[in-house]
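Residue numbers (our numbering): 1 to 175.
Note that beta-carbon positions come from the ideal geometry of N, C-alpha and C, so glycine has one too.
Down below is the structure, laid out as structure tokens.
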């Protein structure tokens, strides 16, 4: 069973070099066949490098304007509509307008259009907060008026002033 070929170290090295040369030639030949019809001009490389530089500049501008977005968001979140402070509302509107203005320099860039969408979202948040507060205050006012109206209607009913706030009064409701 010892009929296998026994190669000397020199023959092994030579066989390895032949194999390495064959793989290199095959790789070069395959690469030449695949890429022989491709034109790589410097104009295309210049165009791509200019696009990359433009995207880097946009990213820097976005990062520079991130504090503006954060301050607009914080001012909307901390806004309390029950406090009648016109200067806070004007400040929020100015923040929203500044965010919207960021989308103007390059209206064709999708990254800058995101600023307009963010401004729209913040505006919806701001308006929704005001609407929710007004509806809640209207519900509270209507509930108070209903309770005041029901006091004289049902004699012997408990007075609504004794009920704890947030707990429904014990007066029956009309259908």
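Straight through space, the alpha carbons of residue 28 and residue 37 are spaced by roughly 15 Å.
Looking only at 112, 145 and 139, the smallest Cα-Cα distance to residue 63 is reached by 112. Boundaries of the alpha helix (DSSP H) around residue 90: 86–101. Secondary structure at residue 65: coil, using DSSP grouped into helix, strand and coil. In the DSSP assignment, residue 12 falls within the unbroken alpha helix (DSSP H) covering 9–35. Counting the other CB atoms within 10 Å of its CB gives residue 72 a total of 16 or more, which places it among the buried residues. The DSSP-derived three-state label of residue 114 is helix.
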